[in-house]
Amino acid sequence: DAVAPLDAGDRERIARALRAALTHRREILPQHDPRTLHPARTVLILTDDMKIRSVDALVAGALAESQAPVLRIGVPPEMATPALMQLLSEVPDANDESLLERLVCADPAATDIALAERLDHLRHLHLRPASEWAPSFNSAREAYLPVAVRRGGVIARRYEWWCSMFERRYLTDNGNRRGEGRAR
2 DAVAPLDAGD
12 RERIARALRA
22 ALTHRREILP
32 QHDPRTLHPA
42 RTVLILTDDM
52 KIRSVDALVA
62 GALAESQAPV
72 LRIGVPPEMA
82 TPALMQLLSE
92 VPDANDESLL
102 ERLVCADPAA
112 TDIALAERLD
122 HLRHLHLRPA
132 SEWAPSFNSA
142 REAYLPVAVR
152 RGGVIARRYE
162 WWCSMFERRY
172 LTDNGNRRGE
182 GRAR
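The following block contains the structure:
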């Protein structure tokens, strides 16, 4: 599928959001921490895997952070449109007690952002402390995976593959077990 390119003004707006998010992360994370490039990878998932071209959704994707509150930045004032602020307010934290409900009920663009943003975190979960593995896997399997499958396309296949691979490789007795117990 051919997707229309973004114009120069749109690309600059996305680049400003990425610069703000990446600069903030470089200031507080150790060198070579994989979380540093998380905003750029989230935008890449949105554009390449999900074919998103909404500038507000791509800017929100660059600014979204569901896992570590210290890595969140405020929306730069010149970017704070009502549409952007609404999208960001609908992207749930990964530990939200009503995560599945929030993902299903959110604006579809906010759900797409949440799926892309979380997938990038999950892809690097094996680099995080083992105590985070089972809880993160469980929320991926119980909330993000069904929503991704409902959405369909590449994002569904990526979640299906990741959940299968991670459980087999890191959480089961017959895999390269490094986690703390089986996922329930």
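Read left to right, the sequence shown gives residues 2 to 185 (the working numbering).
Glycine included, every Cβ here is placed at the ideal spot set by N, Cα and C.
What you are looking at is a predicted structure, and each value in this text was computed from that prediction instead of being measured.
Using three-state DSSP, classify residue i as helix, strand or coil.
| i | result |
| --- | --- |
| Leu7 | coil |
| Gly62 | helix |
| Pro31 | coil |
Note down the Cα distance separating residue i from residue j, rounded to an integer number of angstroms.
| i | j | result |
| --- | --- | --- |
| Arg152 | Leu104 | 11 Å |
| Arg54 | Leu116 | 16 Å |
| Trp100 | Asp94 | Contrary to the premise, residue 100 reads as Leu rather than Trp in this sequence. Whole-angstrom Cα-Cα distance: 8 Å. |
| Glu168 | Glu79 | 43 Å |
I need the boundaries of the alpha helix (DSSP H) containing residue i, first residue and last residue.
| i | result |
| --- | --- |
| Met166 | 155-167 |
| Met86 | 83-91 |
| Asp121 | 109-124 |
| Glu102 | 100-106 |
| Pro147 | 146-152 |
| Val67 | Looking at the sequence provided, one finds Ser at residue 67 rather than Val. Premise fails: Ser67 is in no alpha helix (DSSP H) and is neither H nor E. |
Mark residue i as exposed unless 16 or more other C-beta atoms lie within 10 angstroms of its C-beta, in which case mark it buried.
| i | result |
| --- | --- |
| Val71 | exposed |
| Trp162 | exposed |
| Gln32 | exposed |
| Leu128 | exposed |
Measuring only between beta-carbons, confirm whether residue i sits less than 8 Å from chain B.
| i | result |
| --- | --- |
| Ala41 | No chain B appears in this structure, which consists of one protein chain only. |
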